[in-house]
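Quick note: to get our numbering, add 1 to the position in the sequence shown (first position is 1).
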Amino acid sequence: MLQLQQIKEENENAIEKIITYQNFNLTRKFSIIMFFLNLVLLFIDYLNITRGLWTINNSYYYLFLSHVSLGLVSILCIFASNRIIVQTANEITLAHKFYVVFYSFFLLFETTVVSGIDQKIHGQVTVYIIGCLIVAVISNYNLKVKAFLYGSSFATLTIFLTINQENPDIRQGNYINTFSVVLISYFISFLLFKLKHQDLRHKYYLEDLVKERTKELQAVNELLTQEILDRKRAEMEMVKLDRLNLIGEMAASISHEVRNPMTTVKGFLQLLKKKQESKDKEFFDLMIEELDRANSILSEFLSINRNKPTMLVWHNINDIITSTLPLIQADANTNDKLLTTELNTVADLQLNIGEIRQLLLNLVRNGFEAMSKGGLLQIKTFTTKSEVALVVTDQGNGIEQSTLEKLGTPFYTTKEQGTGLGLAVCYGIVARHNGRISVETGPAGTSFYVYFKLRKKEA
Numbered sequence: 002m003l004q005l006q007q008i009k010e011e012n013e014n015a016i017e018k019i020i021t022y023q024n025f026n027l028t029r030k031f032s033i034i035m036f037f038l039n040l041v042l043l044f045i046d047y048l049n050i051t052r053g054l055w056t057i058n059n060s061y062y063y064l065f066l067s068h069v070s071l072g073l074v075s076i077l078c079i080f081a082s083n084r085i086i087v088q089t090a091n092e093i094t095l096a097h098k099f100y101v102v103f104y105s106f107f108l109l110f111e112t113t114v115v116s117g118i119d120q121k122i123h124g125q126v127t128v129y130i131i132g133c134l135i136v137a138v139i140s141n142y143n144l145k146v147k148a149f150l151y152g153s154s155f156a157t158l159t160i161f162l163t164i165n166q167e168n169p170d171i172r173q174g175n176y177i178n179t180f181s182v183v184l185i186s187y188f189i190s191f192l193l194f195k196l197k198h199q200d201l202r203h204k205y206y207l208e209d210l211v212k213e214r215t216k217e218l219q220a221v222n223e224l225l226t227q228e229i230l231d232r233k234r235a236e237m238e239m240v241k242l243d244r245l246n247l248i249g250e251m252a253a254s255i256s257h258e259v260r261n262p263m264t265t266v267k268g269f270l271q272l273l274k275k276k277q278e279s280k281d282k283e284f285f286d287l288m289i290e291e292l293d294r295a296n297s298i299l300s301e302f303l304s305i306n307r308n309k310p311t312m313l314v315w316h317n318i319n320d321i322i323t324s325t326l327p328l329i330q331a332d333a334n335t336n337d338k339l340l341t342t343e344l345n346t347v348a349d350l351q352l353n354i355g356e357i358r359q360l361l362l363n364l365v366r367n368g369f370e371a372m373s374k375g376g377l378l379q380i381k382t383f384t385t386k387s388e389v390a391l392v393v394t395d396q397g398n399g400i401e402q403s404t405l406e407k408l409g410t411p412f413y414t415t416k417e418q419g420t421g422l423g424l425a426v427c428y429g430i431v432a433r434h435n436g437r438i439s440v441e442t443g444p445a446g447t448s449f450y451v452y453f454k455l456r457k458k459e460a
């Protein structure tokens, strides 16, 4: 019944402080009660003087002295308890522990003395019995302290009984009574202390259990939240891929059919341009320019198609970037932008060189368009544990959250002259290379991270 749960060591210390705190408060209140009770006892001593009992039996005089000592010690304890008063169990010190043990020891010693003196008056040990039961009930000490208190008081009372009680029958009866009371009081103390300790241990055990379960629930909640977010991202990616697939199928079906008549129209416009007067040539130039623009849109349509076969060869992405740098540098100079590169050593990958070059150019041109004049664009490569990363970072104003969620969606654009196909092409290329794109954006600029999985070359 009194089996205790295992708890942490700091909780054991906290339980000891709580028990001492409760002992202190009870002892403090009981010392006040004992002081007022002692006033009643002193009044009884006064009545005994007036009735002449002191002259008949000098034991009444010694009883009076014991009552005086009880009053003085009670006043001292009341004063001491108000000097070291505490508000919480955490403030308990060694002084508080000494206070409660000292008062219990004094109370038992006082009742021992009174019962010893009372042998020559009534021959009773009632006061000592009351003292043992009071100490057992109002204070909770560990068993060693209780054994010391009861053992020392019983030994003292035995000496008093031997000296003051002349009747051997009464003396023997008092021996038996006091020994029985000591055993009963010790058992009551043991039981109350264990029950109190068990109650507090159970409380801390439940608190620790609740904390552990709360941590587990928080961990499960975080996992579920992450799983939901991953699922939403996966669903968004699936929607994007489905759209890309649909656009690719459309592109594969109609692009060639549309290009043929456009080529014919462009050819005739070029012939007519040569025959017309110079004032109308600007109209022909505008029509030919628009046909070229339509042709470029169709080319991007074809690039989105995910079902077309992609020829992959082992190549180093740094070499592709290096070979494309003259074209990128020309664009930078034209747009009055700055360009830096940081190409770290990376492993070879299975790549389609033309598509990776197109991916790089699209990301770079988006970065140039996002910056004002004098802005700096950086191209960087590095290797993680399982991937090779290509990073394009600009110093633009960043991407709004609403726009960020729609990146890669065909025909979605924030540019006045944009087609909304540039990033869609990039996502399609990366998907065909089994890679992934991550975007970090803020007021200081945007970084596009393109990750390719590392693979071992087959022998």
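Cβ coordinates follow ideal geometry from the N, Cα and C atoms, glycine included.
Query	Result
DSSP beta-bridge partners of residue 438	451
Within the segment 317-385, ranges of the beta strand (DSSP E) (whole runs, at least 3 residues)	339-344, 350-352, 377-384
Residue 307 - DSSP class collapsed to helix/strand/coil	Bear in mind that a pLDDT of 48 at residue 307, under 50, signals an unreliable position, so the number given afterwards is only what the model happens to contain. Residue state, collapsed to three classes: coil.
Whole-angstrom distance between residue 168 and residue 33, CA atom to CA atom	37 Å
Inter-residue Cα distance where the pair is residue 190 and residue 141	7 Å
Simplified DSSP state of residue 51, which is helix, strand or coil	helix
Beta-carbon proximity of residue 63 to residue 55, cut-off 7 Å	no
Beta-carbon proximity of residue 341 to residue 397, cut-off 7 Å	no
Inter-residue Cα distance where the pair is residue 195 and residue 20	11 Å
Residue span of the beta strand (DSSP E) that contains residue 95, given as start and end	No beta strand (DSSP E) contains residue 95, which is instead part of the alpha helix (DSSP H) from 95-118.
Counted within 10 angstroms of its Cβ, other Cβ atoms place residue 166 as buried (16 or more) or exposed	buried
Span of the alpha helix (DSSP H) around residue 71	60-84
Through-space distance from residue 67 to residue 48, alpha-carbon basis	16 Å
Assigned exposure category for residue 461 - 16 Cβ within 10 Å defines buried	Nothing about residue 461 can be reported from this structure: the residues present for the chain run from 2 to 460 only.
Simplified DSSP state of residue 391, which is helix, strand or coil	strand
Cα-Cα separation between residue 237 and residue 271, rounded to whole angstroms	46 Å
Inter-residue spacing [alpha-carbon to alpha-carbon] between residue 307 and residue 378	With a pLDDT of 48 at residue 307, under the threshold of 50, the modelled position of that residue is not reliable, and no figure is offered here.
Nearest-angstrom Cα separation, counted from residue 80 out to residue 162	34 Å
Beta-carbon proximity check, residue 382 vs residue 435, cutoff 7 Å	no
Limits of the alpha helix (DSSP H) - the one that residue 137 falls within	127-139
Whole-Å CB distance - residue 1 paired with residue 347, under 8 Å assumed	A question about residue 1 goes unanswered here, because the residues of the chain that appear run from 2 up to 460.
Residue 157 to residue 30 span [Cα, whole Å]	27 Å
Separation of residue 193 from residue 183, as counted between CA atoms	15 Å
Inter-residue Cα distance where the pair is residue 130 and residue 112	8 Å
Where residue 397 falls: helix, strand or coil (DSSP)	coil
At least 3 beta-carbon pairs within less than 8 Å: the segment 133-152 vs the segment 73-93	no
Where residue 356 falls, given that 16 or more other Cβ within 10 Å makes a residue buried	buried
Where residue 124 falls: helix, strand or coil (DSSP)	coil
Start-end ranges of the beta strand (DSSP E) lying completely within the segment 174-212, minimum 3 residues	none
Whole-angstrom C-beta distance between residue 24 and residue 101, which should lie under 8 Å	4 Å
Nearest neighbour of residue 103, chosen from 173, 441, 177, 74 [CA to CA]	74
Three-state secondary structure assigned by DSSP to residue 87	coil
Euclidean distance between Cα positions of residue 45 and residue 173	30 Å
Rounded straight-line distance, which links the Cα of residue 438 to that of residue 333	24 Å
Neighbourhood of residue 399 by C-beta, 7 Å cutoff - its chain only, sequence neighbours within 5 removed	442, 443, 444, 446, 447
Nearest residue (CA-CA) to residue 387, options 72, 453, 329, 211	453
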